[in-house]
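Here is the structure we will look at, set down as structure tokens.
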Amino acid sequence: MGNGFADAEVALKHLQELWQEEPLSGSVAERDGRVVAYLVAGTKPAAVWGPNAWVESSGHALDDDVPVEVARELYAVAAESWVAEGRLAHYVLVPSHDVALADAWWRLGFGLQHVHALRSPWSVEESLAAGSRKSAITVRTPVRADMAALVELDLELPRHQARSPTFSSGPIASYKEAVADWEGDFVGEAYASERFTTFVAEQEGGVVGSAVGCALSVSRMYEGPLQTPDAGFLGFAAVRPEARGLGAGRLLGEAVLAWSAAQGHPAVVTDWRATNLQSSRAWPALGFRPTFWRLHRLIGH
Numbered sequence: 001m002g003n004g005f006a007d008a009e010v011a012l013k014h015l016q017e018l019w020q021e022e023p024l025s026g027s028v029a030e031r032d033g034r035v036v037a038y039l040v041a042g043t044k045p046a047a048v049w050g051p052n053a054w055v056e057s058s059g060h061a062l063d064d065d066v067p068v069e070v071a072r073e074l075y076a077v078a079a080e081s082w083v084a085e086g087r088l089a090h091y092v093l094v095p096s097h098d099v100a101l102a103d104a105w106w107r108l109g110f111g112l113q114h115v116h117a118l119r120s121p122w123s124v125e126e127s128l129a130a131g132s133r134k135s136a137i138t139v140r141t142p143v144r145a146d147m148a149a150l151v152e153l154d155l156e157l158p159r160h161q162a163r164s165p166t167f168s169s170g171p172i173a174s175y176k177e178a179v180a181d182w183e184g185d186f187v188g189e190a191y192a193s194e195r196f197t198t199f200v201a202e203q204e205g206g207v208v209g210s211a212v213g214c215a216l217s218v219s220r221m222y223e224g225p226l227q228t229p230d231a232g233f234l235g236f237a238a239v240r241p242e243a244r245g246l247g248a249g250r251l252l253g254e255a256v257l258a259w260s261a262a263q264g265h266p267a268v269v270t271d272w273r274a275t276n277l278q279s280s281r282a283w284p285a286l287g288f289r290p291t292f293w294r295l296h297r298l299i300g301h
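Per our numbering, residue 1 is the first one in the sequence shown, and the count goes up by one each step.
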């Protein structure tokens with residue numbers, strides 16, 4: 001991923017910064033007086049995560065010669081204090097290529113909740129292939145007249161995630177709040193956001209989907225080894241229920257990939273809930289490959 005975290009000095013600097021930002025707690029494993037593995041967690045303040053212990057991508061590591069079973073021992077020690085503090089919702093970000101480590105966490109009762117993924121920007125060959133496909137759906141940048149449709153699509157994603165089988169408890173903004181969010185992105189009739197680029201999918205004169213791209217640095221969720229330097233970010237996409245299955249989501253994703261390539265981003269990142277059936281099929285089909293899994297365990301249930 002080219003983020004420098006194989007360098008001990010880079011990793012140490014990040015951990016020091018992380019420790020200064022919030023109180024961390026956890027456990028370490030030692031051999032001959034030297035730390036060979038560690039596990040530390042902070043707390044996410046948003047109510048949607050519950051009373052939690054949150055292990056970031058940089059919040060755990062094992063020396064190369066330390067068996068992954070030690071990760072289970074570290075958790076056993078750390079979790080005792082987390083649970084005693086009432087922090088019953090546990091989260092950990094695990095690199096998806098380390099199947100043995102992921103298996104150790106699964107054997108602790110954790111399950112897959114969220115997927116972080118990466119792919120290269122849109123290539124010339126992919127652009128030509130996409131251009132040769134015929135579709136009744138067109139993709140363009142929005143105008144002020146699209147605001148009502150954009151607001152509805154903003155609300156559609158959390159509504160969709162609240163349904164089976166995802167059952168997300170994420171908050172759903174009011175229509176008024178969603179309108180206020182969009183108001184600042186238009187100057188006159190034109191879309192003019194400085195941080196984000198937005199595309200809409202149109203079918204028979206009506207907007208049926210939207211997607212948002214930006215630099216990954218705009219998102220605070222991507223820190224530590226999870227971060228890919230200078231990457232683009234497919235941060236949002238939604239399609240109206242009646243238009244799903246017609247290719248609108250793919251066309252929107254392709255538009256963000258093409259934009260990211262034009263911006264010179266060396267890679268594009270996105271993420272999705274593993275239980276969102278549409279996202280978990282659409283984005284891998286567009287070439288995104290997992291880099292990290294967010295695993296979750298709820299104590300006492």
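Note that CB positions come from ideal geometry on N, CA and C, so glycine has one too.
- Under the three-state reduction of DSSP output, A173 falls in the coil class, being neither helix nor strand.
- Fully enclosed alpha helix (DSSP H) runs of no fewer than 4 residues occupy 248-262 of the segment 191-262, in order along the chain.
- The residues V48, P158 and Q161, in chain order, have a CB closer than 7 Å to that of G170 in the same chain once the five nearest residues on each side in sequence are set aside.
- Going by beta carbons, G50 and L298 fall inside the 9 Å limit.
- At the C-beta level, A178 and F186 stay beyond 9 Å of one another.
- Boundaries around R159 are those of the alpha helix (DSSP H), M147 to A162, since no beta strand (DSSP E) includes it.
- Taking a cut-off of 8 Å on C-beta distances, the segment 268-288 touches the segment 113-120, as three or more cross pairs fall below it.
- For P266, no alpha helix (DSSP H) segment is defined, and its DSSP state is neither H nor E.
- Take the alpha-carbon of V207 and the one of S168: they are about 26 Å apart.
- Taking every protein chain shown into account, the CB of D154 has 16 or more other CB atoms within 10 angstroms, so this residue is buried.
- Counting only residues of its own chain and dropping the five nearest sequence neighbours on each side, S280 has a CB closer than 8 Å to the CB of V115, W272, R273 and A274.
- One thing to note: L252 has its Cβ within 9 Å of the Cβ of A237.
- Remark: C-beta atoms of G59 and L93 approach each other more closely than 9 Å.
- Taking T197 as the centre and dropping the five residues before and after it, the same chain places the C-beta of T141, V212, G213, C214, V256 and W259 closer than 8 Å to its C-beta, in chain order.
- Proximity to A6 across D63, G26 and Q20 peaks at D63, based on C-alpha coordinates.
- Shown here for G86: same chain residues with a beta carbon closer than 6 Å to its own, the five before and five after excluded, namely P51 in chain order.
- Between the segment 225-233 and the segment 98-114 there are fewer than three inter-stretch CB-CB distances shorter than 8 Å, so the stretches are not counted as touching.
- About 16 Å separates the Cβ atoms of Q203 and A145, ruling out a contact at the 8 Å cut-off.
- Runs of the alpha helix (DSSP H) lying entirely within the segment 71-158, each at least 4 residues long, are 99-106 and 124-131 in chain order.
- Excluding sequence positions up to five before and after V83, its CB lies within less than 7 Å of the CB of I299, all in the same chain and listed in chain order.
- A residue is called buried once 16 or more other Cβ atoms fall within 10 Å of its Cβ, and P121 is buried on that count.
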